[in-house]
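If you read the sequence shown in the numbering used here, its first letter stands for residue -11, the second for the next number, and so on. Note sheet for the following structure.
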Amino acid sequence: MQRLIIGIGGGIGSGKSSIARIFSVMGFPVFDSDIHAKKLYLNHEIKKKVIYLLGDKAYDEHGKAERNYIASVVFQNPKLLDSLNQIIHPAVKNDFEIWCNNYPVSTPVIKESALLFELGLHKECTFSIMVDAEKKIRIARVMKRDGVTAESVDSRINNQKDPKLYYKEADLLILNDNSTLITPMLLNWIEKLYNQKNK
């Protein structure tokens, strides 16, 4: 029996975490790739590689990753961003596989990742969801969440691939524009999945 994995992807501020929370409320186990990545920055081997790549400023005096500094550097340099992804994401993938072992194979799980489509991780999922929103909505969300400037968010968005490139690769596209009723859409989609599975 193969595990059913639903991947949720989307750029910064798209609202993919809100979609993941809906799944969580429904009872689905959710793997948040960003949370696991934050923990992995404390791993001794990964820490050495990150410092080698980005310098001592990547960590504070307490050994905690300086995420804002790291973001400010890599989102201005696509090569550095790619190198950082090559350090972090194989470790996150391994973490996900270990995490899955906490649940029976019959239990569907959710994998939330900002880079689900960019890194081709959606191909490792049974089904995938792309979450997107207008740029101005995404900027406003991140400014409110992180207390950062519109310019810094705009820079990060501009250094990510355009989500529209992946619309056709997703099994479900959600335009999270603050007016669409998301929960009924997801319930309807999940019902169709189970109906297909039980045919």
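For each residue, glycine too, the CB sits at the ideal point set by N, CA and C. Keep in mind that this is a model prediction, so the values were computed, not measured.
Indicate whether residue i and residue j have their beta-carbon atoms separated by less than 8 Å.
i	j	result
residue 120	residue -2	yes
residue 125	residue 160	no
residue 41	residue 75	yes
residue 97	residue 17	yes
residue 99	residue -7	yes
residue 3	residue 127	no
residue 162	residue 7	yes
residue 80	residue 25	yes
residue 181	residue 84	no
residue 73	residue 103	yes
residue -9	residue 88	yes
Could you give the DSSP three-state label for residue i: helix, strand or coil?
i	result
residue 105	coil
residue 57	helix
residue 141	helix
residue 119	strand
residue 84	helix
residue 11	helix
residue 179	helix
residue 99	strand
residue 154	helix
residue 29	coil
residue 47	strand
residue 65	coil
Flag residue i as yes when its Cβ comes closer than 7 Å to any non-hydrogen atom of the ligand GDP, and as no otherwise.
i	result
residue 65	Ligands are entirely absent from the displayed structure, and the ligand GDP is therefore not among its contents.
Counting only the same chain and skipping the five closest in sequence on each side, list residues whose C-beta sits under 8 Å from that of residue i.
i	result
residue 131	137, 138 and 141
residue 69	62, 63 and 147
Leaving out five residues before and five after residue i in sequence, what residues of the same chain have Cβ atoms less than 7 Å from its Cβ?
i	result
residue 59	144
residue 37	75
residue 176	none
residue 54	45, 46, 47 and 48
Tell me residue i's beta-bridge partners as DSSP assigns them.
i	result
residue 170	None, per the DSSP bridge assignment.
residue 222	The chain is shown only over -11 to 187; residue 222 falls outside these bounds and no answer can be derived.
residue -4	100 and 117
residue 162	119
> Are three or more beta carbon pairs between the segment 149 to 156 and the segment 26 to 34 nearer than 8 Å?
Replying inline: no
>> Whether or not the segment 4 to 21 and the segment 40 to 59 are in contact is what I'm after, with contact meaning three or more pairs of Cβ atoms, one per stretch, closer than 8 Å; do they touch?
In response: no
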